[in-house]
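The structure appears below as structure tokens.
2 protein chains.
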Amino acid sequence: MPSSSQEARKTPKQSRSAVTVEAIFTAAIQVLLRDGPRRLTTTRVATRAGVSVGTIYQYFPNKLALLYALLERHLGSLAKAVEEACEALRGRPVLEMSDELVRVFLDARTAEIETARMIYLLAADLDTDGLLTAIRDRIRTAITGVLASAADARFACVDTAGHMLSVILSGATRTVLERDDPGALEIVRAQLPLACAAYLTQAAQSKP
Amino acid sequence: MPSSSQEARKTPKQSRSAVTVEAIFTAAIQVLLRDGPRRLTTTRVATRAGVSVGTIYQYFPNKLALLYALLERHLGSLAKAVEEACEALRGRPVLEMSDELVRVFLDARTAEIETARMIYLLAADLDTDGLLTAIRDRIRTAITGVLASAADARFACVDTAGHMLSVILSGATRTVLERDDPGALEIVRAQLPLACAAYLTQAAQSKP
DNA sequence: ACCTGAACACCGTTCAAGT
DNA sequence: ACCTGAACACCGTTCAAGT
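Which chain is which? The protein sequence lines are A and B, in order. When we follow this note's numbering, the leftmost residue of the first sequence carries the number 1, and every step to the right adds one. When we follow this note's numbering, the leftmost residue of the second sequence carries the number 1001, and every step to the right adds one.
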């Protein structure tokens, strides 16, 4: 599936169509939560949005493009949250960084946990390589940058440490997100900062 | 979707039908690799397997049940590999455990990396809660057991440590599996044992 | 006991016609 | 400029008929 098929067909120029697009997005999320990913049909979304099926195809070349836009929104807000946290953490000690980054990852994904779960399920049908690469590059760059600025540690290879930290954070938080187990979430919330800190401490040579 | 719809409709009693079921499985994987998950249709699988569409429905109540069986096979072999590794690691030091467990997770998932990737993509359409719970329980139990037997460490709370280690291993290996980036894979292969060991060392109080 | 394949319901997508 | 909805191609599933 070519990536061009996943971009919006046209940007709404008039306020009427901006409202229509917003209604389509909202309806898609509602159908997703109410009926599940397999019952997310174009007709159902159109009906719920109060428009005709054809209208959807004025703004999205196909159904996948609509789903892609939902995923793009969600991942974009995660990357932005990480970037802002890293900006604020500049120059702080690594222990603070571990704590705060774990918090940001978990919060971003548990805030609307059902929506996030559903959106990840949709992603299976999409060609998400480009989008995921872009998002993880943003996250990795932000994390590597903040690690390099740490007040109390210098890393043998800050790129490796940043890469590894983002893999651990993404993987562990996504793993608990996929499960519907509050107990597992609490263990991760408590232990993941310790695990990150232990790794970073070991990957760094403390400054004199 | 009720879980009963994901079990095999009947077990093949005669050798002819055992061959048919195997042909359906093989064909499904071939179609998956060749045409991708969205083009995995029952007709396509039937044609490739050299049978009629109706034949598929003799052994699987619906298409999802067939996909579920594929996922079940794949995850079962991962859990088995982890259990066997843990059995062999009983009584060894924690550093050896970290190294070996990372190796097992990565090997199990990169051996047939394309197939594994495709099978995970399919999982989105399935009701996998029960299966995933069973698999992760097997993995967590095996890991907790082997940690408790470590020669050189005693854990403040071995259940917590086992839980956390399995989340990190599952998350990080799956995260690199999803990406098509050999560089990321190599970093994880080299650094994940260090991260696991650092966490375990910190979670344990060394014996005198 | 196992297999076939036409038939049916339903979904994604289009496009001529409307406002 | 935007929206409608009947029409078409295609997919999952069934079941009467075959061997």
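Ideal placement from N, C-alpha and C gives every residue a C-beta, glycine not left out.
In the structure shown, R1090 of chain B falls within a coil segment according to DSSP collapsed to helix, strand and coil. Scanning its chain for C-beta atoms nearer than 7 Å, with the 5 sequence neighbours on each side dropped, one finds around V146 of chain A the residues C86, L89, R90 and M97, in chain order. V167 of chain A and V1176 of chain B do touch by the CB rule: their CB atoms are close to 7 Å apart, below 8 Å.
DSSP, read as helix, strand or coil, puts R1154 of chain B in strand.
Shown here for A204 of chain A: same chain residues with a beta carbon closer than 8 Å to its own, the five before and five after excluded, namely V94, A150, A153, R154, F155, A156 and A161 in chain order. Contact between T1043 of chain B and K1063 of chain B is ruled out by a C-beta separation of about 10 Å, above the 8 Å threshold. Chain-order list of chain B residues neighbouring R48 of chain A: empty, with the shortest C-beta distance near 21 Å, by a criterion of under 8 Å. Straight across, the Cα-Cα distance linking L1075 of chain B with A18 of chain A is about 45 Å.
Under the Cβ criterion of 8 Å, R1016 of chain B is not counted among the residues facing chain A.
The CB of I113 of chain A never comes closer than 9 Å to any CB in chain B; the least such distance is about 15 Å. Annotated as distal: L1066 of chain B and A1027 of chain B, with beta-carbon spacing of 8 Å or more. Secondary structure at A1079 of chain B: helix, using DSSP grouped into helix, strand and coil. In terms of Cα proximity to D1099 of chain B, the closest of B:T1201, B:Y1120 and B:P1193 is B:P1193. Excluding sequence positions up to five before and after F105 of chain A, its CB lies within less than 7 Å of the CB of L169 and T173, all in the same chain and listed in chain order. Contact annotation for I143 of chain A against chain B: no contact, minimum CB-CB distance about 13 Å [criterion: below 8 Å].
Taking 9 Å as the Cβ-Cβ cut-off, the region 1176 to 1188 of chain B approaches chain A at V1176, E1178, R1179, D1180, D1181, G1183, A1184, I1187 and V1188, given in chain order. In the structure shown, the three-state DSSP call for A1065 of chain B is helix. Three or more Cβ pairs drawn from the region 1069 to 1084 of chain B and the region 1129 to 1142 of chain B lie within less than 8 Å of each other, which places the two stretches in contact.
By the Cβ-count criterion, D1125 of chain B is buried, with 16 or more other Cβ atoms from all chains shown falling within 10 Å of its own Cβ.
Contacts with chain B (Cβ-Cβ distance below 7 Å) from the region 152 to 176 of chain A involve T160, H163, M164, V167, I168, S170, G171, A172, R174, T175 and V176, listed in chain order. Residue pairing by DSSP places A49 of chain A in no beta bridge whatsoever. For T41 of chain A, there is no enclosing alpha helix (DSSP H), as DSSP marks it with neither H nor E. Pairing V1053 of chain B with T1020 of chain B gives a Cβ-Cβ distance that is not under 8 Å. Membership of A111 of chain A in any alpha helix (DSSP H) is not indicated, and neither H nor E is assigned to it by DSSP.
The alpha carbon of Q1030 of chain B has as its nearest neighbour, out of B:L1165, B:R1136, B:E1112 and B:R1016, the alpha carbon of B:E1112.
Your pair L1033 of chain B and M1118 of chain B checks out as a contact, with CB atoms roughly 6 Å apart and the cut at 8 Å.
Residue-level contact check: Y199 of chain A touches chain B, since one or more beta carbons of chain B fall below 8 Å from its beta carbon.
When Cβ-Cβ separations below 8 Å define contact, L1147 of chain B makes no contact with chain A.
Looking at the DSSP output, A204 of chain A bridges to A:F155. CA-to-CA, the gap between V188 of chain A and L1165 of chain B works out to about 10 Å. Taking a beta-carbon distance threshold of 8 Å, A1124 of chain B counts as an interface residue toward chain A. Scanning chain A for C-beta atoms nearer than 8 Å to the C-beta of P1037 of chain B yields A124 and D125, reported in chain order. Residue range D129 to A148 is occupied by the alpha helix (DSSP H) that includes R140 of chain A. Look at A1085 of chain B: its C-beta is not under 8 Å from any C-beta on chain A. The beta carbon of A1195 of chain B sits closer than 8 Å to some beta carbon of chain A. Restricting attention to A:I24, A:H163, A:A197 and A:R109, the CA atom closest to the CA of I56 of chain A is found in A:I24.
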